[in-house]
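Under mature numbering (1 follows the signal peptide of the UniProt record, and there is no 0), the residues of the sequence shown are numbered -30 to -1, 1 to 140, in order. Working notes, structure below.
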Amino acid sequence: MSTPLSYTKLIVSSAATLFLLAGCSALPQASDPAPVKTADSEPALTLERLYQTSDFSAGGVPPTRWLADGSGYTTLEPAESGAGDDLVRYHPETQQRTVLITADQLRPTAAEAPLAIADYSWSDDGQKLLIFTNTKRSWRTHTLGDYWVFDRASKRLQKLGGSADASTLQ
């Protein structure tokens, strides 16, 4: 048999539960919260910004190639001029840095900016550089683009493919 004290506890606990539930339901509903603004009035994070922009993309690793003779490797680094990338060589033991081709040398005639290198390949003698640029996706990867050859001896940059449309070579 229940005592009057246990009925009192049951009534008090039920009343407290109802009070809490009523208080929670009176709070404003946050079905679509306003995005948090940063100092420059740009939303800090939204699903659209996360998935539809490149704001949060990690920068890729630039293409790096070992030289055929094993004397070093080459990679792309931002040019000191601020536009484009220089192609630099590093000695593996001393880490001595040598700029082999400047971004300015990779600027086609009458172009405002140097080529944006997506990938490159050296000739066997290391005097010519095949450059893949202006890439476009074909299926899942960037396999379409433009090809250029830079001759280090003559410092001449030449587009391959003749009058082919941009970003159509494979």
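C-beta: ideal position from N, C-alpha, C; glycine also.
- Counting only runs of at least 3 residues, the segment 14 to 81 fully encloses the following beta strand (DSSP E) elements, listed from N- to C-terminal order: 34 to 36, 43 to 48, 55 to 60 and 67 to 71.
- Secondary structure of S93 (DSSP, three-state): coil.
- Residue pairing by DSSP puts W118 in a beta bridge opposite I101 and K129.
- Rounded to whole angstroms, the separation of the alpha carbons of L46 and S124 is 21 Å.
- Look at the beta carbons and you see the segment 79 to 98 touching the segment 19 to 37: at least three pairs across the two are nearer than 8 Å.
- Under DSSP, I87 forms a beta bridge with T103.
- A direct Cα-to-Cα measurement between S41 and H61 gives close to 6 Å.
- Residue state for S(-18) is assigned as helix, using DSSP reduced to three classes.
- Between the alpha carbons of A86 and R59 lies a distance of about 18 Å.
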